[in-house]
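*Asks:* Using my numbering, read the sequence shown as starting at 3 and increasing by one per residue. Take this structure first; my questions come after.
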Amino acid sequence: MVQTGAVLAFWGVSMLFVITPGADWAYAITAGLARRTTPAVLGLLTGHLLATVIVAAGIGALVATTPTALTVLTIAGSVYLVWLGIGTLRHPAAIHAGPDVAAVPAWRWGVNGFGVSGLNPKLLLLFLAVLPQFLTPSTGLPAGVQITILGLVHVASCAVVYFLVAHTAHLVLGTRPTAARIVSRVSGALMISIGLILLAERLLH
Numbered sequence: 003m004v005q006t007g008a009v010l011a012f013w014g015v016s017m018l019f020v021i022t023p024g025a026d027w028a029y030a031i032t033a034g035l036a037r038r039t040t041p042a043v044l045g046l047l048t049g050h051l052l053a054t055v056i057v058a059a060g061i062g063a064l065v066a067t068t069p070t071a072l073t074v075l076t077i078a079g080s081v082y083l084v085w086l087g088i089g090t091l092r093h094p095a096a097i098h099a100g101p102d103v104a105a106v107p108a109w110r111w112g113v114n115g116f117g118v119s120g121l122n123p124k125l126l127l128l129f130l131a132v133l134p135q136f137l138t139p140s141t142g143l144p145a146g147v148q149i150t151i152l153g154l155v156h157v158a159s160c161a162v163v164y165f166l167v168a169h170t171a172h173l174v175l176g177t178r179p180t181a182a183r184i185v186s187r188v189s190g191a192l193m194i195s196i197g198l199i200l201l202a203e204r205l206l207h
C-alpha cells in the first residue's frame with residue numbers, strides 16, 4: 003500500500019490547489035446558480051479523472067515534453083474557457099431556471115464541465131511536477147498504481163469542494179437575484195481572463 007504519510011502529505015498539497023479559486027470554481031458557481039450542480043460538477047470531476055489516467059499511463063510526460071501537443075492543448079482549453087465565459091456574460095445564470103436554462107440538457111452541463119477541467123494543461127503539469135514527489139518506491143507498488151491512488155485522493159477533494167462551492171452559491175444567493183447575476187457575470191469574466199492568461203503564457207513562452 004501507499005504510505006499513509008505520503009497520501010496525507012499529497013492531500014494537503016492537493017487541497018491548496020483545489021481551494022484556490024479558478025476556472026473550476028467559476029463554473030461550479032455558475033452551475034449552482036442555474037440549479038445544475040450535479041451534472042456540472044460530475045463533468046469537472048471527469049476531467050480530473052482523465053488527467054489521473056493520462057499521467058498514470060505515462061502519456062502525461064510525453065505531452066508535457068512535446069511542445070506542439072502542449073500548445074494545442076493550451077490553445078484549445080483557452081478558447082473553450084473564453085467561449086464559456088462569453089456565454090455566461092451574455093446569459094448569466096438565473097436563480098429561477100428560465101427558458102434558456104431549462105433548454106440546456108443536463109448532459110451539456112456535464113460536457114462543458116469536462117471541457118473546463120479536462121482541457122486545463124496546468125492540471126496535467128501539476129500532476130507531473132508535484133504528484134511524483136509523493137511516490138514511495140519502497141512500497142513495491144508500481145508507479146502507475148500509486149499515481150492512480152493519489153489521483154483519486156485529489157478527485158475526492160475536488161468533489162467535496164466543488165459541490166460545496168456550487169451549493170453555497172445557490173443557498174447564499176438564492177434569494178438575491180441581483181447579486182446572483184453579478185456573481186454569475188464575475189464568474190464569466192473570470193473564465194475569460196483565465197483563458198486569455200493561459201493563451202498568452204503559451205504564445206509568449
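Ideal Cβ positions, reconstructed from N, Cα and C, are used throughout, including at glycine.
Within 8 Å, do at least three Cβ pairs link the segment 133-142 to the segment 34-41?
*Replies:* The segment 34-41, when compared against the segment 133-142, does not touch it at the 8 Å Cβ threshold.
*Asks:* Once you ignore the five residues that flank L75 on each side, which residues in its own chain have a CB closer than 8 Å to its CB?
*Replies:* Excluding positions up to five away in sequence, the list reads V65, L121, P123, L126.
*Asks:* Should G115 be flagged as near chain B, meaning a C-beta pair shorter than 8 Å?
*Replies:* Within the model displayed, chain B is absent; a lone protein chain is all it includes.
*Asks:* Who are the near neighbours of G146 in its chain, counting only those whose CB is closer than 8 Å to its CB and skipping five residues on each side?
*Replies:* A58, A59, G60, listed in sequence order.
*Asks:* Evaluate contact between the segment 73-91 and the segment 166-185, counting only Cβ atoms and requiring at least three cross-stretch pairs below 8 Å.
*Replies:* No, the segment 73-91 does not touch the segment 166-185.
*Asks:* Closest to G79 by C-alpha separation, out of D26, V118, G49, would be which residue?
*Replies:* The residue with the shortest Cα to Cα distance from G79 is V118.
*Asks:* My output table needs one value for L91: the three-state DSSP class, helix, strand or coil.
*Replies:* Three-state DSSP puts L91 in a helix.
*Asks:* Where does L206 land, buried or exposed, given buried means 16+ other C-beta within 10 angstroms?
*Replies:* Looking at its Cβ environment, which holds fewer than 16 other Cβ atoms inside 10 Å, L206 is exposed.
*Asks:* Mind checking which residues open and close the alpha helix (DSSP H) that includes Q148?
*Replies:* Q148 -> alpha helix (DSSP H) spans 145-175.
*Asks:* Please state the DSSP three-state secondary structure of A104.
*Replies:* With a pLDDT of only 48 at A104, under 50, the local geometry of the prediction cannot be trusted, and no value is derived from it.
*Asks:* Using only CA atoms, which one of L198, A202, R178 lies nearest to A25?
*Replies:* For the residues L198, A202, R178, the minimum Cα distance to A25 belongs to L198.
*Asks:* Cutting at 7 Å between CB atoms, please list the residues of its own chain near M17, excluding the five before and the five after it.
*Replies:* Here the set comprises S159.
*Asks:* Shortest alpha-carbon distance to A191 belongs to which of A11, I56, R92?
*Replies:* When each option's Cα is compared against that of A191, the closest is R92.
*Asks:* Considering only the alpha carbon of each residue, which of A28, L152, T22, T73 lies closest to R204?
*Replies:* It is T73 whose Cα lies nearest to the Cα of R204.
*Asks:* Taking G112 and L44 to be in contact with their CB atoms under 8 Å, please state how far apart those CB atoms are, rounded to whole angstroms.
*Replies:* About 6 Å separates the two Cβ atoms, so the contact holds.
*Asks:* In the structure shown, what three-state DSSP assignment does T138 receive?
*Replies:* Here T138 sits in coil by DSSP.
*Asks:* Whose C-alpha, out of L173, L152, A161, is nearest the C-alpha of A11?
*Replies:* Nearest C-alpha to A11: L152.
*Asks:* In chain order, what residues of the same chain have a beta carbon less than 6 Å from the beta carbon of F165, not counting five sequence neighbours either side?
*Replies:* Excluding residues within five positions, the ones whose Cβ falls inside 6 Å are V43.
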